[in-house]
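As structure tokens, the structure follows; a few thoughts come after it.
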Amino acid sequence: MSARLLVTALVDPGSTIALSSAQWTALIAIARAEQLIGSLAYRLDGLALPEPVENIMAAARASAEQQRLRALWEAEMARRALAPLAVPVVLLKGTAFVAAGLDAGVGRSIGDLDILVPRARIDEAEAALLGAGWERIKADAYDDAYYRRWMHELPPLIHVERDRMIDVHHTILPPTARPKPDAARMIAERIELGNGLAILSPADIVIHAAAHLFADGDLAGGLRNLWDIDRLCREFGERDEGSYLRLVEEAYAAKLGPHVLRALRLTHHLYATPVPAYHQAFRLAVELTPSDRLFLHRLLARDAWGRPIRSVTRFGFYVRSHALRMPPHLLARHLAIKWWKSRRSA
Amino acid sequence: MRHNLALQVGDVGFRVGSAWRAPIAALRALYAGYPEPAIAEFTVRLEPERPLRRWVRPSIAIAGDYTLPEAAPLALAHGLLAAEMGMNLQMALGHRRHLLLHAAALERDGKALLLSGVSGAGKSTLAALLGERGWRFMGDEFALIDLTDGRAHAFPRAVSLKNESVAVMAREAKPDRFGPELRNTPKGTIRHLRPRGDAIARMREPAPPALLLFPRFGETEAVRLLGSAEVFVRLTQASTNYVALGEPGFAALSRLVRGVPARAIDYSDTKSAIALVERLWRELAA
Amino acid sequence: MPSIAATPTYRADPPGSLRMVALEDGLVLLFHRPSATTHVVASPVPELLAALDEGPADATTLLGRLAARHDLDDPDAAALAERLEELAAAGLVARL
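Residue numbers (the numbering used here), protein chains in the order written: chain A, 44 to 389; chain B, 8 to 293; chain C, 6 to 101.
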């Protein structure tokens, strides 16, 4: 039993007619654990489901709708605070999906607001937000310095009355990471939504999702991230035949080619994303590589109680993901300081 | 998880899994006769804090669909409390099908009485007593208000009695309705009281609220009229999911506040509290 | 050449953005749909918001609209400006 149960339900909602009660129970727990219950609920909408399941899915859809409204409002309040600066404000992640009405936003759980602004204007942006009711979260001096120097975003700000956080990014990956996407180009090629907010171009949205799938954590949330990529690729692919070529071209330019290709292989395998195979200009073979299988193993690692399993693979991914963000000597120093602080507070 | 139990409480189905046998055995005894749902809406897991803590100084971390990451683990002896806290967490953090109020609910003549107040203000004891005095016990922790028609839905979990309240209820209910005595818990000594047979048998029967009381223990007896706005604000503070529900929550709560009479009551002993409740019910709800 | 600072102009949300429930004691429960926030308000907030339905306005213009619709015993543009700022901070109106 693994999260494969969830994947199958998402890809082929009609197949759930054959699920036993125990399997439904497991599916619900796994979907919650993977932050995909809203997406699943929309995929199952309209099917004849056992009554307890229909109740749960209806509540999940209602909950996703509330998250969508809150996310849009958060974006609007950020827009109002930043409008006097006349600076591009590019929405990222879930908020971008719902603001643009993309399929990837349907049923999506959305937490904090993530925006991208030009690096040169980031201090002004922070000041404007602080003046409009956001506050810095109290962090110790080390973490604060770590954020400002090494990360691709400000330390998070929180709006105390609304109890929502905003992450202001100036690029999509930490400056210490090896891939170096060109944030200025991404901002220049943004798509305006017509209300003062913008989103990344289709290729850049997918590149961002793939970059964070592998570089940003130990693949936690990977199934959801790949579901985003599946929905995005399908929608963009339908609009524009050349979208995959453009995507891979931009990905290589950002030195994220292998990440994007791996994401496409995984999403093709899991969610049957109709990724065309190319063998001429570059090689995109859709068959899984041996290391892809290790990623799959980690992505599907949930049991019927919703618990993460196979912890050896998970730890390996955690160390690997930190290695992707920081050169080894910095990583050793960072981990040493973190360990020292956790010892002191124990 | 090797040890587990499926438990239906009102309209909500739980499954509780545990690394240890004892908490599940205690839960099964306390909730004997409750239906076992085939499909669980919420999962609670009682897990070792770290793998070794399963056997050495066993310590239970409460996990499940919804968790509080900083919550302190509990001793194995308090496994039943951990399971109850786990179920409360799932409701407080994850339940969206009804408007949730921290309130006790009791039914008589097809109408519901709601007692709203913070934990420890005596509402649990009052609710348990009323449950032995001709009222159907619908719950002491959460009142579930229907989002479409405003009816209160029963959620009759075992009543968690603390310290002196245990002695009070021991005079009212037979010994076989009590769970084990749990000493030295973070909240003192606790014993759980199982609801009566009729409360369990009729757990799927909702009732429209007809009276809302805000009881306060330890004062000279008094009844105060409350303005609707004050009632509304107090209830938003007493709800864990009002904000998350959005407009349907607003609609349900404003319907409740406009349609149901509300009073704040102060009382200094339970006997007079019950008399006060009965009088106000006759005057305002019957 | 320095310009005279213009007073801020405020805009309400489109019709249908607010859901109001009047209570017996003159207070009003207000649900603001775009932000999903709930407010408990009293006069003159509902009247202020209704007066902005005609279109965006600054404090002086709004005072004029209110005077035309209601009897105002104490028409104080400065106090009105403060109320509007409070509403903007609460997200109920937007400052243009």
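Where a beta carbon is used, it is the ideal one built from N, C-alpha and C, also for glycine. None of the values given here were measured: they were computed from a predicted structure.
Do residue j and residue i come within 8 Å of each other at the CB atom, strictly closer than that value?
i      : j      : result
L83/B  : P65/B  : yes
I153/A : R205/A : no
P216/B : A258/B : no
L57/C  : A84/C  : no
A111/B : L96/B  : no
P39/C  : W116/A : yes
S45/A  : L256/A : no
I158/A : H212/A : yes
L331/A : H312/A : yes
L291/B : L218/B : yes
V230/B : R270/B : yes
A134/B : L108/B : no
K130/B : D147/B : yes
F224/B : Y274/B : yes
P182/B : P95/A  : no
Which same chain residues, not among the five before or five after residue i, have their C-beta less than 8 Å away from its C-beta?
i      : result
T42/C  : F36, A95 and G96
V264/B : S235, V238, F239 and L242
R123/A : A175
L92/A  : T59 and M100
L101/C : P13, T14, Y15, R16 and P61
T227/B : D273 and S275
P222/A : L216, A254, A258, A297, K298, L299 and H302
Using a Cβ-Cβ distance cut-off of 8 Å, determine whether residue i contacts chain B.
i      : result
T68/A  : yes
L28/C  : yes
L54/C  : no
A124/A : no
Q109/A : yes
W348/A : yes
A306/A : no
L83/A  : no
I7/A   : The shown model of chain A, from 44 to 389, leaves out residue 7/A, and the question about it has no answer.
T43/C  : yes
L48/A  : no
P217/A : no
R4/C   : This structure cannot speak to residue 4/C, because chain C is shown only from 6 to 101.
With a threshold of 6 Å on Cβ separation, who are the neighbours of residue i within its own chain once the five nearest residues in sequence on each side are excluded?
i      : result
L12/B  : V23, I31, L34 and R35
I352/A : A344 and D346
V149/A : Y85
A68/B  : E54, E56 and P80
D146/A : R274 and E278
L233/B : A269 and A271
Against chain A, does residue i count as a neighbour if the rule is that its beta carbon must be under 8 Å from one of theirs?
i      : result
E56/B  : no
A86/C  : no
S40/C  : yes
T227/B : no
G96/C  : yes
S8/C   : Because S8/C sits at a pLDDT of 44, beneath the cut-off of 50, its placement in the model cannot be relied upon, and the following sentence gives the value as read from the coordinates. With 8 Å as the cut-off, S8/C does not count as an interface residue toward chain A.
A62/C  : no
P44/B  : yes
Can you name, in chain order, every residue of its own chain whose Cβ lies under 7 Å from the Cβ of residue i, other than the five neighbours on each side?
i      : result
G349/A : A72, I73, R75 and A76
R386/A : The pLDDT assigned to R386/A is 46, lower than 50, so where the model puts this residue is not dependable; a value taken from the coordinates is nonetheless given after this. Once the five neighbours on either side are set aside, R386/A has no close Cβ partner at all.
L48/A  : Q66, A69, L70 and I73
Using the DSSP secondary-structure output, state which residues sit across from residue i in a beta bridge.
i      : result
K118/B : R115/B
A245/B : In DSSP, A245/B forms no bridge with anything.
Y295/A : The partner list for Y295/A (beta bridge, DSSP) is empty, contrary to what the question assumes.
I67/B  : P55/B and L81/B
N11/B  : G24/B
R70/C  : R70/C is not bridged to any residue.
Y295/B : The first residue shown for chain B is 8 and the last is 293, placing residue 295/B beyond what the model contains.
Determine, using beta carbons only, whether residue i comes closer than 8 Å to chain C.
i      : result
A236/B : yes
R203/B : no
F221/B : no
V267/B : no
W177/A : no
G17/B  : no
Return yes when at least one heavy atom of the ligand GDP lies under 7 Å from the C-beta of residue i, else no.
i      : result
H311/A : No copy of the ligand GDP appears in this structure; indeed no ligand is present at all.
Discussion item. To test your reading of the DSSP string, which unbroken beta strand (DSSP E) runs of 3 or more residues are found completely within the stretch 133 to 190 of chain A?
Written reply: Annotation: the stretch 133 to 190 of chain A contains the following complete segments of the beta strand (DSSP E) (minimum length 3 residues), in chain order: 156 to 159 and 177 to 179.
Discussion item. Going residue by residue through the stretch 141 to 228 of chain B, where are the continuous alpha helix (DSSP H) segments of at least 4 residues, counting only ones entirely within it?
Written reply: Within the stretch 141 to 228 of chain B, the complete alpha helix (DSSP H) runs of at least 4 residues are 171 to 177 and 204 to 208.
Discussion item. Give the list of continuous alpha helix (DSSP H) stretches no shorter than 4 residues that lie fully inside the stretch 221 to 291 of chain A.
Written reply: Within the stretch 221 to 291 of chain A, the complete alpha helix (DSSP H) runs of at least 4 residues are 226 to 231, 245 to 258 and 265 to 282.
Worksheet item: At which residue ranges does the stretch 328 to 358 of chain A contain complete alpha helix (DSSP H) runs of 4 or more residues, listed in the order of the chain?
Response: Segments of the alpha helix (DSSP H) lying fully in the stretch 328 to 358 of chain A: 333 to 342.
Worksheet item: What are the start and end residues of each continuous alpha helix (DSSP H) run of 4 or more residues lying completely inside the stretch 15 to 62 of chain C, in chain order?
Response: As summarised for the stretch 15 to 62 of chain C, the continuous alpha helix (DSSP H) elements at least 4 residues long and confined to that stretch are 50 to 56, given in chain order.
Fill in: Ranges of the alpha helix (DSSP H) found wholly within the stretch 70 to 124 of chain A, counting only runs of at least 4
Within the stretch 70 to 124 of chain A, the complete alpha helix (DSSP H) runs of at least 4 residues are 80 to 87.
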